[in-house]
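Protein chains in written order, with this note's numbering: chain A, 3 to 231; chain B, 28 to 272.
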């Protein structure tokens, strides 16, 4: 290994971006959307007056937040085929593929964090708002769907986006499943060409640029919202 | 129309409503007054089950509010409610505030709901603000929109929970004027307020509450006309509240 070989990076960039980064962004985006939906439902359960619902949701969230992500990734990688097999009554484990397995894992794991954000969001809406909705004859789902959640999402947009950046970084862990995300793709090249330093420095720079730019954008969104209010 | 029978309510061991009985007949305007913390707002909120109660019965238009099998959304849709802090939906335009429940609860067509919304905005003098958002209106205007929103459901009775106490003084009258009009048209109204001028003008009966109990429940003429016949607490309250008016 003589000197820093920029040529390796230039040569393999199309592969790294088109295959690796696309995979990472796809997984980030789908995981975030799924986790926000599940997290919002969990937040509604946590805030429910039913002890059973809030207990179940609370236990789930605390459990997920107490375990390392990498452990959950392994667990689900081996468990998901059995779960899918059981749900579909197939009587045997069903191979679901690395991407699906990773997606399910991230949705289930990140939902715990999005739940806490949405819980704070729902609690930030004065209870009189829901009261006004009920007084008009709306039911729980209408009050949530039309009055409380739209306002909660708006208030929490900066935090939701920030958590999305965390998800973006977390997705790099799927390389343990031998999936070709951005880090996985770089790792493939690094091993093949023996250019570990170049690849891992390059990966770090790209992760930094994307995350930093995204968090600056979140700041701008936050300021815009502060003015709009 | 609305009947409270021995209603009691506790927050934990603290009793907020103590054996309250009163009624609001069709076309009647009943003003509920009393010192803060006396349970007025809690009482009025039990009438549409925004506040649950543990003992007693409340009947609204022949339906028992506390019964397990009561369809609460249906019941609430028949009673309009106006809140101290307006509680307009800030993320929706004025028109959408008025049409949301008409469409979702009453099943009206969007066009019909908008027509009814326009009529009522006209009536409270705010036709020019249809497309604005609540945050762009003054407090008095917001409260008038809130009244229009409640009326858009064509309720059989209206509940007002301190509708003017969060307003700047110069905006109080524009809201009271709308309420006076409503009363003169024969709307059944239960109004929690400190506006004794309003009570004198339009109330049929005055209910005075203290420490969760109904202390006085008498016709307006008796309440204001015969101070000597009042209970000690009511005398104190009236002397404080009327000394400057």
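By construction, the Cβ of each residue, glycine as well, lies at the ideal position given by its N, Cα and C atoms.
Asked                                                                                                                                                                                      : Found
Quick one: which unbroken beta strand (DSSP E) runs of 3-plus residues sit fully inside the stretch 55-83 of chain A? Chain order, please.                                                 : none
Once the 5 residues before and after residue 171/B are set aside, which same chain residues still bring their CB inside 8 Å of it?                                                         : 151, 152, 153, 201, 202, 205
Residue 42/B by DSSP, collapsed to three states: which one?                                                                                                                                : strand
Assuming the contact rule is C-beta atoms closer than 8 Å, residue 132/B and residue 140/A should be a hit. Round their C-beta distance to whole Å, please.                                : 6 Å
If distances are taken between C-alpha atoms only, which option among 66/B, 268/B, 223/B, 236/B comes closest to residue 247/B?                                                            : 223/B
For residue 162/B, which residues in the same chain have their Cβ closer than 7 Å to its Cβ, ignoring the five residues on either side in sequence?                                        : 117
What does residue 101/B touch in chain A if you count any residue whose Cβ is under 8 Å from its own?                                                                                      : 139
Within the stretch 105-138 of chain A, note down every full beta strand (DSSP E) run reaching 3 residues or more, in order along the chain.                                                : none
State the DSSP-derived secondary structure class of residue 53/B, mapped to helix, strand or coil.                                                                                         : coil
For the beta strand (DSSP E) that contains residue 187/B, what are its first and last residues?                                                                                            : 184-188
With 7 Å as the C-beta to C-beta threshold (strictly closer), list the residues of the stretch 165-181 of chain B near chain A in chain order.                                             : 180
Out of 178/B, 167/B, 30/B, which one is the CA nearest neighbour of residue 93/B?                                                                                                          : 30/B
Below 9 Å between beta carbons is the criterion; list the residues of the stretch 68-84 of chain B that meet it against any residue of chain A, in chain order.                            : 72, 75, 76, 77
Contact criterion: CB-CB distance below 8 Å. Does residue 156/A meet it with respect to chain B?                                                                                           : yes
Over the uninterrupted alpha helix (DSSP H) stretch that includes residue 1/A, give me the two end residues.                                                                               : What the structure shows of chain A is the stretch from 3 to 231, and residue 1/A is not part of that stretch, so it cannot be assessed.
Which whole-angstrom value describes the C-beta separation of residue 165/A and residue 115/A, a residue pair presumed to lie in contact below a C-beta threshold of 8 Å?                  : 6 Å
At a Cβ threshold of 8 Å, is residue 2/A touching chain B?                                                                                                                                 : What is shown of chain A runs 3 to 231, which leaves residue 2/A out entirely.
Based on the DSSP output, what are the partners of residue 219/B in its beta bridges?                                                                                                      : 59/B, 188/B
Under a Cβ-count criterion, where at least 16 other Cβ atoms within 10 Å of its own Cβ denotes burial, should residue 155/B be classed as buried or exposed?                               : exposed
For the beta strand (DSSP E) containing residue 82/B, name the first residue and the last one.                                                                                             : 82-87
Against residue 104/B, what residues of chain A qualify as contacts under a CB-to-CB distance less than 8 Å, listed in chain order?                                                        : 138, 139
So, under 8 Å CB-CB, residue 118/A and residue 37/A are touching, yes? Tell me the CB distance rounded to an integer number of Å.                                                          : Wrong, their Cβ atoms sit about 12 Å apart, outside the cutoff.
Is the Cβ-Cβ distance between residue 136/A and residue 77/B less than 8 Å?                                                                                                                : yes
Quick one: is residue 228/A near chain B, going by C-beta distance under 8 Å?                                                                                                              : no
Can you tell which of 60/A, 68/A, 87/A, 103/A has its C-alpha closest to the C-alpha of residue 76/A?                                                                                      : 103/A
Just confirm the distance between the C-beta atoms of residue 217/B and residue 34/B, as a whole number of angstroms; I'd bet it's less than 8 Å.                                          : About 13 Å separates the two Cβ atoms, so there is no contact after all.
What is the DSSP secondary structure of residue 79/B, counted as helix, strand or coil?                                                                                                    : coil
Could you name the residues of the same chain whose beta carbon sits closer than 6 Å to that of residue 96/A, not counting the 5 residues immediately before and after it, in chain order? : 83, 86, 87
If you compare alpha carbons, which of 19/A, 31/A, 110/A is closest to residue 64/A?                                                                                                       : 110/A
Kindly list the residues whose CB is nearer than 8 Å to the CB of residue 211/B, restricted to its own chain and excluding five residues on each side of it in sequence; keep chain order. : 229
Could you check whether residue 184/B and residue 215/B sit closer than 8 Å to each other, using their CB atoms as the reference points?                                                   : yes
Short of 9 Å Cβ to Cβ, which residues in the stretch 150-165 of chain B face chain A?                                                                                                      : 162
Can you round the beta-carbon distance between residue 184/A and residue 192/A to whole angstroms, since I take them to be within the 8 Å contact cut?                                     : At roughly 12 Å, the Cβ-Cβ gap does not stay under 8 Å, so residue 184/A and residue 192/A are not in contact.
Alpha carbon to alpha carbon, how far is residue 173/B from residue 186/B? Give it in angstroms, no decimals.                                                                              : 12 Å
May I ask you to verify whether the stretch 219-226 of chain A touches the stretch 169-186 of chain A, counting CB pairs closer than 8 Å and requiring at least 3?                         : no
Could you tell me whether the stretch 37-52 of chain B touches the stretch 79-93 of chain B, using the rule of 3 or more Cβ pairs below 8 Å?                                               : yes
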